[in-house]
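Enquirer: Sending over a structure as structure tokens; questions will come in a sec.
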Amino acid sequence: MNISNMNNIESRVQSYWTKRAHNFNIVRKNELNSSISERWREEIVHFLPEGKVLQILDVGTGTGYFAILLSQIGHQVTGIDLTDAMLKEARDNAALYQVHPTFQQMDAQKLAFLDQSFDVVISRNLTWTLPDPESAYREWMRVLKKGGILLNFDADYASNIRNHNTSASHISDTEVYGHCGVTPELEQENASITLSMPMSRKQRPYWDQKFLENIGFSRSGYDLSVGQNILKEHDLKDAPMFLVWGVR
């Protein structure tokens, strides 16, 4: 993808999530107030060292879900997102839940942090939206401390689009969970953006895990069961959530 195309697609992504920020936040706040949050917490804590306050970077924080969840258990969290409207929702949510993560507007592919700044880099539903996922993974590795861990939760949303009519009138009950307030126009834009991204042509999460290995993570792997374990009936049949993890 050349620079002109990359800038254009990033502008479209930013516009799309600006329009969706408020309704998307409704979904995430419902999660924060449900048993899903406890299942997320158990999944993440399983990978973290005990008895230590960790410096955690939440990449693509959106409305602050992971930043809030991990702040609640005592960690120091920085959440970044490309979309200012999402960050506004995130700051409001942090105030509501009385936690104090730091939020910054930033491109996940070009981080403004020093090398080895974080013990953990975590992300959810971001990588599929990136025009240059290779640069993103390299940047995430760069800011991890030696022995630090990357936890990337994502799904092959392009597969879901290919297998379904993308008009809002054909969204299943399961998909409505993540598409609160999405108009037919936004649904079509989502499909167009998704299918234009490099990740739409990758075999995931196998490509992700192999790429982490190739760029120097000391250990890496994936888990195909996290969507069913955490989201249960809300996990998409044709795009189940997976975890890609790596240890620097």
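Under our numbering, the first residue of the sequence shown carries the number 520, and numbering increases by one thereafter.
A virtual CB, placed ideally from N, CA and C, is assigned to each residue, including glycine.
Specify, as a first and last residue, the run of the alpha helix (DSSP H) that W764 falls within.
Expert: Sequence index remark: in the sequence shown, residue 764 carries index 245 (1-based). Premise fails: W764 lies in the beta strand (DSSP E), F761 to V766, not in any alpha helix (DSSP H).
Enquirer: I need the straight-line Cα distance from E562 to N733, nearest angstrom please.
Expert: Here residue 562 corresponds to residue number 43 of the sequence shown, with the count starting at 1. Here residue 733 corresponds to residue number 214 of the sequence shown, with the count starting at 1. Straight across, the Cα-Cα distance linking E562 with N733 is about 26 Å.
Enquirer: Alpha carbon to alpha carbon, what distance is there between N549 and S556?
Expert: For this step, residue 556 is matched to residue 37 along the sequence shown. For this step, residue 549 is matched to residue 30 along the sequence shown. Whole-angstrom Cα-Cα distance: 9 Å.
Enquirer: Take L630 as the anchor and find which of S534, N671 and W659 has the nearest alpha-carbon.
Expert: Numbered from its first residue, the sequence shown carries residue 630 at position 111. Per the Cα distances, W659.
Enquirer: Does DSSP put R723 in a helix, in a strand, or in coil?
Expert: Working through the sequence shown from its first residue, we reach residue 723 at position 204. Reduced to three states, the DSSP call for R723 is coil.
Enquirer: Looking at the structure shown, is S744 part of a helix, part of a strand, or coil, going by DSSP?
Expert: Position 225 of the sequence shown, counted from the first residue, corresponds to residue 744. Reduced to three states, the DSSP call for S744 is coil.
Enquirer: Would you identify the three-state DSSP class for Q635, choosing helix, strand or coil?
Expert: Here residue 635 refers to the residue found at position 116 when the sequence shown is read from its first residue. Residue state, collapsed to three classes: coil.
Enquirer: What separation, rounded to the nearest whole angstrom, lies between the Cα atoms of G583 and N682?
Expert: Along the sequence shown, read from residue 1 onward, the residue named residue 583 stands at position 64. Along the sequence shown, read from residue 1 onward, the residue named residue 682 stands at position 163. When rounded, the distance between both Cα atoms is 30 Å.
Enquirer: Mind checking who Q623 pairs with in its DSSP beta bridge?
Expert: Counting from 1 along the sequence shown, the entry for residue 623 is found at position 104. Bridge partners of Q623: I599.
Enquirer: Does the count of Cβ pairs from the segment 595–605 and the segment 657–674 closer than 8 Å reach three?
Expert: no
Enquirer: If the criterion is Cβ atoms closer than 8 Å, does the pair W764 and T713 meet it?
Expert: Stepping through the sequence shown from its first residue, residue 764 is reached at position 245. Stepping through the sequence shown from its first residue, residue 713 is reached at position 194. Not in contact: W764 and T713 (Cβ atoms no closer than 8 Å).
Enquirer: Expressed to the nearest angstrom, what Euclidean distance is found between the alpha-carbon atoms of I641 and N709?
Expert: Within the sequence shown, the letter at position 122 stands for residue 641. Within the sequence shown, the letter at position 190 stands for residue 709. If you take the alpha carbons of I641 and N709, they lie about 23 Å apart.
Enquirer: Between R547 and W536, what straight-line distance do the alpha-carbon atoms span, to the nearest angstrom?
Expert: On the sequence shown, position 28 is the one that residue 547 refers to. On the sequence shown, position 17 is the one that residue 536 refers to. So the two alpha carbons sit approximately 14 Å from each other.
Enquirer: Just curious, the beta strand (DSSP E) that N671 is in, first and last residue?
Expert: Taking the first residue of the sequence shown as position 1, residue 671 is located at position 152. Where N671 is concerned, the enclosing beta strand (DSSP E) stretches over L663 to D673.
Enquirer: Between L731 and the rest of its own chain, which residues show a CB-CB distance below 6 Å, the 5 nearest in sequence each way excluded?
Expert: As a first step, residue 731 is located in the sequence shown; it is residue number 212 there, counting from the start. The answer, listed in chain order, is S739 and G765.
Enquirer: So what's Q574 in DSSP terms, helix, strand or just coil?
Expert: Within the sequence shown, the letter at position 55 stands for residue 574. Q574 falls in the strand class under three-state DSSP.
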